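Reading through the structure tokens given below for one structure.
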Ligand code: PHE
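In the numbering used here, the protein residues as written are 358 to 704.
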């Protein structure tokens, strides 16, 4: 009995020493382990006289230890959890790292602006191809092999087995593709923006640039429709005050053909370096679709007429945003692209 008392007293002291889960576990081994104090008291039961009382006391002591152990363990675990929560807390009041917003490339902006305008006039956007056949890029646009007008559009041909393929020189290829895709051979109203390729490069020419093509086919379409459409287009894009003039021109796939000039948006028509003192800037090529072109793509040229137009998107972007060198458009310099961030894009 004395021994039990001694161990109980010792337990009272040991309880104070427990500060963490590890020391608690050490105590468990010390008391209940193979050679633990309580385990050894247990072994004594068979040797003492009053086995019953002794046994009950030992059991009571064991219970006491177990209760202490469970309670302490829970308390320590709770404490550890709290400490962990405090340590890992996130300070949501700290300012975050600034996320850099991307900005739209000026060519994307201008393409979207033009598409929106034409979609509002009932056109659909047609996807063309960048690699085209000689047939679609030239022959079906009324430029048979050997036609001198091909020279003005010298471009990149694919090698060997693909030598009949080339990087398209003009989005006018979309005229052929759209007419051929239309099974009914009926009315059409499309615009096709995209990259085109020609073999030249200087401050105002790049070997790759962008055009947008328009094609309208219907019954009773006339030059008046062409004029009205392009005048509206130029005024919407460059401002209502813009004057528009049409000059006779030549394209193999349109007849008659015109070139469209707008009054210089820098000097308003007085004459400056941008318009080379003429007051006018050439912006579009256009014309009535040549009957041969309609027929080659399966259209009845007696029933249907059409008009087509094409313009360089890069040139419009250069005018609109005051970009002096076309090569910067394709240079991928972020400092250049970021200049076109505008408030309306953040809405
Ligand atoms: N494809 C012509 C060019 O690249 C422009 C054009 C398009 C002319 C449609 C007439 C009709 O210069």
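Glycine included, every Cβ here is placed at the ideal spot set by N, Cα and C. The structure presented is a predicted model; accordingly, all values stated were derived computationally and were not measured.
The count of Cβ pairs closer than 8 Å, one atom from the stretch 572-580 and one from the stretch 544-551, reaches three, so the stretches are in contact. Here the alpha carbons of residue 516 and residue 595 stand approximately 42 Å from one another. If you look at residue 494, you'll find it in the alpha helix (DSSP H) that goes 491-494. Taking residue 555 as reference, the option from 510, 481 and 586 with the minimal CA-CA separation is 510. Between the alpha carbons of residue 535 and residue 666 lies a distance of about 14 Å. Annotated as proximal: residue 361 and residue 418, with beta-carbon spacing under 8 Å. The distance from the Cβ of residue 674 to that of residue 463 is about 5 Å, consistent with a contact at the 8 Å cut-off. Around the CB of residue 683, 16 or more other CB atoms lie within 10 Å, so the residue is classed as buried. Collapsing the DSSP output to three states places residue 365 in a helix.
For residue 548, DSSP records a beta bridge to 482 and 571. Beta-bridge partners of residue 498 (DSSP): none assigned. Under the DSSP assignment, residue 678 falls outside any beta strand (DSSP E), being part of the alpha helix (DSSP H) whose first and last residues are 670-678. Unbroken alpha helix (DSSP H) runs of no fewer than 4 residues, entirely contained in the stretch 370-455, are found at 378-389, 394-401 and 408-445, following chain order.
Note: residue 606 is bridge-paired with 614 in the DSSP secondary-structure output. If the five residues before and after residue 657 are omitted, its C-beta is found closer than 6 Å to no C-beta atom of its own chain. The stretch 487-506 and the stretch 521-537 touch, with no fewer than 3 CB-CB distances between them shorter than 8 Å. When Cβ pairs closer than 8 Å are counted between the two stretches, the stretch 610-627 is seen to touch the stretch 647-656, the count reaching three or more.
In this structure, DSSP gives residue 524 an extended state, which the three-state scheme calls strand. The beta carbon of residue 380 lies closer than 7 Å to those of 374 in the same chain, with the five residues before and after it left out.
When Cβ pairs closer than 8 Å are counted between the two stretches, the stretch 413-432 is seen to touch the stretch 362-371, the count reaching three or more. Closest in C-alpha terms to residue 626, from the list 617, 616 and 638, comes 638. Here the C-alpha atom of residue 438 lies approximately 54 Å from the C-alpha atom of residue 465. Between the stretch 583-601 and the stretch 473-481, the count of Cβ pairs shorter than 8 Å is three or higher; the stretches touch.
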